[in-house]
Amino acid sequence: MTTRKWMTIVALLALVSMLLPACATPTPEVVKETVVVKETVPVTVKETVVVKETVAVPTGGELVHLVARCKAAPPHEEGRCNNLLAAVGAANAALAEKGDNRRIELEIIQDNADWGDYKTEFELASDAGEAPDIICSGHEHIGDWAPAGYITDVTDMIGDYPEFDDVIDSLWNATKWNGKMWGVPQDAEARPMYFNKTKLKELGWSDEEIASLPDRVAKGEFTWEDMLDTAEAAVKAGVVAEGNGWWHRPKNGPDFLYYYYAAGGQIQDEGDALIFEKDAALKVYKLLYSATQERGILSPTRLDGDWTSWHTGWTNGDVLFLFGGSWNWAEWFSNYVADRGGEDYLWEHFGFSAIPALKEGKDTPITLTHPLVYMVSSQCEYPDLALLLISKATTPQLNTDYAIASGHLGILKSQADYPPYTSNKFLSQVLPLLKFTTFLPNSPYWSAWSEAYYLGIQSVESGDLKPEEALDVVVEQLQNELGEHVVIR
């Protein structure tokens, strides 16, 4: 075993050991202090912050210790767990009003672990009987954790908490598996196409053409093909360097699925098996092969990059078009251009729209929403209290504070008329992108499907395989990995 692998395992086990047993035995003591502990865990996690918020308990009452676990990029995403902490008072007040002598004591564990490590950590903790009571994670993990018995079916409990009536109806679909609901939406977002106003102007675009681009994308008048042609023209004119006409993310992730959707692909139908449509995938592979190997628009090593250089390459103005996330806006003005004017600098130099329609595919603009979801561990002894706490964090004020700080979209119907939300220029302009949105599947087979599909993307972008060859490799891997759980058509 290599040193790196060993250190990764050590880091994961260190995290698991920090997760206290769910809903520890109640204590009659009245405790009033707040304790804040910071620990540094090597390799995979930086500055894991553990905060324990304790409360006073009425005589003869019960102190229930809950643990919540969140992944959050600091400082803008820390509301994921901090909002739960802020909701403790309201949750305990609700208990007092009902004459319930239980009181919630909350401990949060929050850091910016790698998503793969974060998921594995929860699974290891669950297998060891040491899972947190509340886990905040991507909705697609429901497809793994619900059938594995790691999380709680909350379908029959959701109606007990009126705050949940305010959640945008369509977002509940992201919490479903096997006809049941397994969590509560925490945030939402969109994947825009960002464009560099300065570079477009250098290319000869007028101010009017630049300002109208989002509207033209929404109407289907500026397509994905038009974007690629514009990017190629910018490279040839020397406005941007070769490979900087268009950037996508530097790693595998949810975004690549909307390429397949844009090409007309379908991934789910009535049955449990996932679908892989060869024609749609081939369109994606041909597009990416052309962009990297033939037109000089996209670097053949883009998928070998890192997130820091991806952010700085964009914020330094080196790239013409970029497919990113709505949350990146907050990252950029908080962490990358704060010394250049922050958000005002972004508005001056960059714009955004939906992902343009792929004319050779579905021919409609598109984006993808990847809601994070609060889920209650199946090991939690007090799921009603866990949901009560989540409900008190699901309010216009707390969710809007988080949305503004993080660049995520609101999840509540009432936020459409909530002044602190509607007065935010970015959130109000990105919200209409949701009419073009799509979702990941909640399926235990999604990971294997995604890895195989991404293998084809890597192969054509690097030039190792031609699109048709990559498609054959992907189909073979899907059949080997998923068998009857995938339909190739």
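Count along the sequence shown from 1, add 852, and you get the number used in my numbering. Built from N, CA and C at the ideal position, the CB exists for glycine as well. Predicted, not measured: the structure shown is a model, and the values here were computed from it.
Item                                                                                                                               : Value
Span separating the alpha-carbon of residue 827 from that of residue 1151                                                          : As shown, the chain starts at 853 and ends at 1341. That puts residue 827 outside it, with no answer to give.
First through last residue of the beta strand (DSSP E) which encompasses residue 989                                               : 986-990
Distance, residue 1088 Cα to residue 1263 Cα                                                                                       : 43 Å
Length at least 3, wholly inside the stretch 887-974: the beta strand (DSSP E) runs in chain order                                 : 900-905, 914-923 and 954-963
Residue 1075 beta carbon less than 7 Å from that of residue 1235                                                                   : no
Check whether residue 929 and residue 1311 have beta carbons under 7 Å apart                                                       : no
CA-to-CA distance, residue 984 to residue 977, given in whole angstroms                                                            : 8 Å
Rounded Cβ spacing between residue 1293 and residue 1038 (contact assumed at less than 8 Å)                                        : With 8 Å as the limit, residue 1293 and residue 1038 do not qualify as a contact, their Cβ atoms being about 19 Å apart.
7 Å Cβ shell around residue 1010 - same chain, five flanking residues per side excluded                                            : 1016 and 1033
Residue 1020 in three-state terms, based on DSSP                                                                                   : coil
Touching by the beta-carbon criterion (3+ pairs, under 8 Å), the stretch 934-942 and the stretch 956-975                           : yes
Chain-order list of residues whose beta-carbon lies under 8 Å from that of residue 1326 (same chain, five-residue window excluded) : 1128, 1133, 1304, 1305, 1307 and 1308
Residue 1116 vs residue 1214 beta-carbon contact at 7 Å                                                                            : yes
Residue 1204 (DSSP reduced to helix, strand or coil)                                                                               : strand
First and last residue of the uninterrupted alpha helix (DSSP H) at residue 1131                                                   : 1130-1141
Minimum length 3: unbroken beta strand (DSSP E) runs contained in the stretch 1210-1261                                            : 1224-1228
Residue 1223 burial status per 10 Å Cβ neighbour count (16 or more: buried)                                                        : buried
Sheet register partners of residue 1096 (DSSP bridge)                                                                              : 1150
Neighbour-count burial assignment, residue 1249, 16 or more Cβ in a 10 Å radius                                                    : exposed
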